[in-house]
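From first to last, the protein sequence lines stand for chains A and B. First residue of the first sequence: 1, per this note's numbering; consecutive thereafter. First residue of the second sequence: 1001, per this note's numbering; consecutive thereafter. Even for Gly, the Cβ is constructed at its ideal location relative to N, Cα and C. No experiment lies behind these values; they were computed from the predicted model shown. A short write-up of the structure that comes next.
There are 2 protein chains.
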Amino acid sequence: MKKGDIRLEEVYNYIKQFIDDNGFPPSVREIGEQFSMKSTSTVHYYLEKLRNKGLISQNTSRRRAFTVTNKSRGRANFVPMIGTVSAGKGMLATENIEGEFPLPQDMFNGSDLFILCVEGDSMTEVGISDGDYVIVHSQSSAEIGEIVVALWQDKATVKRLRATSPNLVLHPENSSMEDIVIEPSDEPSILGKVVGCIKKF
Amino acid sequence: MKKGDIRLEEVYNYIKQFIDDNGFPPSVREIGEQFSMKSTSTVHYYLEKLRNKGLISQNTSRRRAFTVTNKSRGRANFVPMIGTVSAGKGMLATENIEGEFPLPQDMFNGSDLFILCVEGDSMTEVGISDGDYVIVHSQSSAEIGEIVVALWQDKATVKRLRATSPNLVLHPENSSMEDIVIEPSDEPSILGKVVGCIKKF
DNA sequence: AAAAAAATAGAACAAAAGTTTCTTTTTGGG
DNA sequence: CCCAAAAAGAAACTTTTGTTCTATTTTTTT
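The following block contains the structure:
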């Protein structure tokens, strides 16, 4: 392996790390300092190699403005985590958002997602357990058979949708539990459809 | 609400979006153009407000180098997804990596993690199903009772560790399956410990 | 309506950052 | 060991970019 190729990879990794740490790319001179390169043209030499290899893309006429075009590195989709579900105001109101979590955009895309922490063991038979985080697509209706987040008695519950009329029937995926039947007069509402789940062991 | 406060939020959102889209922050003049501000000092005026509110942090002496310090926005931890598990060379060799996926650092941190796609239904009773992605902490040994990824007959399997000697005993969390007993002569190895799981519905 | 505060503009400036051209040193294969 | 190619350096140059200072307009408050 040629000496320059080793260095090229080191430079590439440094850039990646720098962006991860700082949120913006390093300048030519900062790269040079890192590798004790005494001339900015030396850095330029490597940067052009990386550009030719398609590993970075650089916006001419913009300073400190190149990005790592790592095809294999997926983009993040920041999804809000909902803390308390207050029925009254919009659920995605700022005061209800506990934080934004990055999810792989390849798996979960779209801007109308949110994350909710699951309480209880009513859905263990589909792999959703107490303490898991479900990823929910915000929508006000859903198809029969889909797993939904429904707002009932001012609390969000995750259940499988069995029927919507005359009553809303929610089916826990836990053989020891009974279906929940909610009459229209109780004004139940569907907050969204569960599209994924994250669990920690 | 004051007029400036609305604008302040718009500017803030624009910056966030710009960084998401481009991977580097906008310049003062780019922000100004977006909002038809005819003077860079106007942008400066808003930028300072954002700084004072702690919403962005700016590195003086560095151009185009501020970051959104959204406390609520979690950082991403890029974790490699392993495709084919080839026993021979290092599992985390570049050729085995299918891509890097961003995970919430708050949930999964550390640089020695990898993601693996699960095949089969041997762990459904702990919520790990066919097609799920397990998040694995790379390690060569584990405690009894932990869920591990073991390499057996050149294939990676996810099971609960029951015993390590004299034989390696792997327990499927599926009552219709039998324990797998692997003799030392078969040279089984532990690739890591399962710390999480992501499922898509 | 007047006064105070907030928001915007203009222009000039200094520093940072990418590029270029030419030269020199170091490597690596024959 | 020699020579071409690769790698590194020096210095000057052009743009971009953030800052500053002052003046003006618009909003908000009293």
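(message) With H, G and I counted as helix, E and B as strand and the rest as coil, what does DSSP make of E1125 of chain B?
(response) helix
message: Between P1166 of chain B and chain A, is the shortest Cβ-Cβ distance under 7 Å, so that the two count as touching?
response: no
State the Cα-Cα distance for the pair R160 of chain A and D121 of chain A, rounded to the nearest angstrom.
-> 13 Å
Discussion item. If you reduce the DSSP assignment to three classes, tell me which class R64 of chain A lands in.
Written reply: coil
For this session: Would you list, in chain order, the members of the segment 1001–1034 of chain B that have their beta-carbon closer than 8 Å to a beta-carbon of chain A?
Result: I1019, D1020, N1022, G1023, F1024, P1025, S1027
Do you know offhand how far A150 of chain A's Cα is from P1025 of chain B's?
-> 39 Å
Requested in this report: Could you tell me the distance, in whole angstroms, from the CA atom of S138 of chain A to the CA atom of V148 of chain A?
Outcome: 10 Å
Q) So, helix, strand or coil for R162 of chain A, using DSSP? A) strand
Pick from B:P1188, B:I1180, B:M1081 that is closest to G1098 of chain B, judged by C-alpha positions: Looking at the sequence itself, residue 1098 of chain B is Glu, so the reference to Gly does not match. Taking only the C-alpha atoms, the option nearest E1098 of chain B is B:M1081.
Next on the checklist: Quick check: what's the CA-CA separation for E1119 of chain B versus S141 of chain A?
Outcome noted: 32 Å
Thinking C-alpha only, which one of B:I1135, B:N1052, B:G1023, B:N1022 is nearest P943 of chain B? No answer is possible for residue 943 of chain B: the residues shown for chain B start at 1001 and end at 1201.
Open item on the list: Determine whether the beta carbon atoms of P1102 of chain B and A1065 of chain B lie at a separation below 7 Å.
Closed with: no
Contact the segment 1032–1050 of chain B vs the segment 1007–1021 of chain B: 3+ CB pairs below 8 Å:
yes
- Can you list, in chain order, the residues of its chain whose CB lies under 6 Å from that of I19 of chain A, leaving out five sequence neighbours each side? P25
Tell me where the alpha helix (DSSP H) around A8 of chain A begins and ends. One point to set straight first is that residue 8 of chain A is Leu, not Ala, in the sequence displayed. 3–22 is the extent of the alpha helix (DSSP H) around L8 of chain A.
Along chain A, which residues have their Cβ under 9 Å away from the Cβ of M1107 of chain B?
F101, Y133, I198, K200
| Where P104 of chain A meets chain B, residues with beta-carbon distance less than 7 Å | F1101, P1102
Q. Cβ of R63 of chain A less than 7 Å from any chain B Cβ?
A. yes
**Message:** By alpha-carbon positions, which one of B:T1124, B:K1155, B:K1200 ends up nearest to S1175 of chain B?
**Reply:** B:T1124
Q.
In this structure, how does DSSP classify V1208 of chain B when only helix, strand and coil are distinguished?
A. Nothing about residue 1208 of chain B can be reported from this structure: the residues present for chain B run from 1001 to 1201 only.
* Per DSSP, what kind of secondary structure is S57 of chain A in: helix, strand or coil? -> strand
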